[in-house]
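The next block holds one structure in the form of structure tokens; read it before the comments.
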Amino acid sequence: MQNVLKLLAHSYLIAIFMLNSPSVVAQSAGTVLFKSGNAIITRADQSTQAIQQHDAVLNGDTIDTKDGRVQIGFIDGGKVSLQPETIYKINQYTFSGQEDGSEYALTELVKGGLRTISGLIGHKNRERYQLAMQSLANPSPPLATLNNQNRRMKLPKSVQRLHH
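Using the numbering used here, count along the sequence shown one by one with no gaps and you end on 362.
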């Protein structure tokens, strides 16, 4: 169990370090396919704007759905549907158009709910597609990191117990 927690903490720290790289922050991660309500997006430079359909979603962006819903199509063909009252961060989403070992997805559910369908990232190496979840009481390290398992996201037993 301690090894798993150490691995999660190291993965989280590496992702945060990589966010400071200008090449990661500037890359497009996907596009807004659908939006309803008053959702907003906060860019890596802390500027905010109302989300519109077809807006680009970039590495480093944080989406707050407020009372609305947002669906994002990612550059690898993956999709995520965000429920009302959800805050979702795109820490890193890198895909060159093929599975060459450089592809990586690390997103973070700060609060709320989502449904996700993975794209090409994670088909060969499941550890390359991760969804981190924060504890609002203690946001660092993440409460859990979910990996792509057979194209479905599984909740670790340690987190399942918290919700029963």
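For every residue, glycine included, the Cβ atom is placed at its ideal position computed from N, Cα and C.
Cβ-Cβ separation, residue j to residue i (assumed contact under 8 angstroms), whole Å
i: valine 268; j: glycine 228; result: Not a contact, Cβ separation roughly 11 angstroms.
i: isoleucine 288; j: asparagine 257; result: 6 angstroms
i: proline 282; j: glycine 266; result: 6 angstroms
i: aspartate 262; j: alanine 237; result: 7 angstroms
i: glutamate 301; j: arginine 326; result: 6 angstroms
i: aspartate 274; j: glycine 317; result: 3 angstroms
i: glutamine 328; j: leucine 304; result: 5 angstroms
Buried versus exposed call for residue i [16 or more other C-beta atoms within 10 Å across all chains shown]
i: valine 222; result: Any answer about valine 222 is weak, because its pLDDT of 43 lies below 50 and its placement is not dependable; what the coordinates show is given next. By the neighbour-count rule (16 or more Cβ atoms within 10 Å), valine 222 is buried.
i: isoleucine 315; result: exposed
i: aspartate 243; result: exposed
i: threonine 246; result: exposed
i: alanine 248; result: exposed
i: glycine 276; result: buried
i: glutamine 296; result: exposed
i: glycine 311; result: exposed
The beta strand (DSSP E) enclosing residue i, as first and last residue numbers
i: arginine 267; result: 267 to 272
i: phenylalanine 304; result: A small correction: the amino acid at residue 304 is leucine; phenylalanine does not occupy that position in the sequence shown. First-last of the beta strand (DSSP E) with leucine 304: 302 to 309.
i: glycine 228; result: 226 to 234
i: glutamine 251; result: Element bounds for glutamine 251: n/a, residue is neither H nor E.
i: threonine 314; result: 312 to 315
i: asparagine 289; result: 285 to 292
i: glutamine 281; result: Unbroken run through glutamine 281: none, as it is neither H nor E.
i: isoleucine 261; result: 260 to 262
Simplified DSSP state of residue i, which is helix, strand or coil
i: arginine 241; result: coil
i: lysine 355; result: Residue confidence is low: lysine 355 scores 45 on pLDDT, short of 50, so the model does not pin down where it sits. No coordinate-derived value is stated.
Same chain, Cβ closer than 6 angstroms to residue i, five either side skipped, listed in chain order
i: arginine 313; result: Ser279
i: phenylalanine 232; result: Gln269
i: arginine 359; result: Note that arginine 359 has pLDDT 40, beneath the 50 cutoff, so the model's placement of it is unreliable and the number below is only indicative. Answer for arginine 359: no residue qualifies.
Neighbourhood of residue i by C-beta distance below 8 angstroms, restricted to the same chain and skipping five residues each side
i: glutamine 250; result: Val230 and Lys233
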